[in-house]
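The structure under discussion appears below in the form of structure tokens.
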Amino acid sequence: MPAKKANNRGGQLVDKEYIKRCLSLTPEQRLAEMQKLNDFLFNTMPEKSRKAWFKLKEKGF
């Protein structure tokens, strides 16, 4: 059974269980979770977008 949604902000649904879990983490654990999410998003990104991302990173953005 999916978790209930808290509200809708700007078209994004906010998951109450996800918020509770994030708030219960230490800053180090939050950073690790964010890194996992970043890795997942980067790995699912199309090749053209990855190249653009690297170009922006080289420019300091």
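By our numbering, the letter at position 54 of the sequence shown is numbered 64, and the numbering carries on one by one without gaps. No residue lacks a Cβ here, since even glycine has one placed at the ideal position from N, Cα and C.
Tell me whether the beta-carbon of residue i lies closer than 8 Å to the beta-carbon of residue j.
i          : j          : result
residue 43 : residue 35 : yes
What separation, rounded to the nearest whole angstrom, lies between the Cα atoms of residue i and residue j?
i          : j          : result
residue 37 : residue 59 : 29 Å
residue 25 : residue 56 : 27 Å
residue 54 : residue 48 : 10 Å
residue 41 : residue 31 : 13 Å
residue 69 : residue 29 : 34 Å
Classify residue i as buried or exposed, calling it buried when 16 or more other Cβ atoms lie within 10 Å of its own Cβ.
i          : result
residue 46 : exposed
Chain C beta carbons: is any one of them nearer than 8 Å to that of residue i?
i          : result
residue 32 : The structure shown contains no chain C; it holds only a single protein chain.
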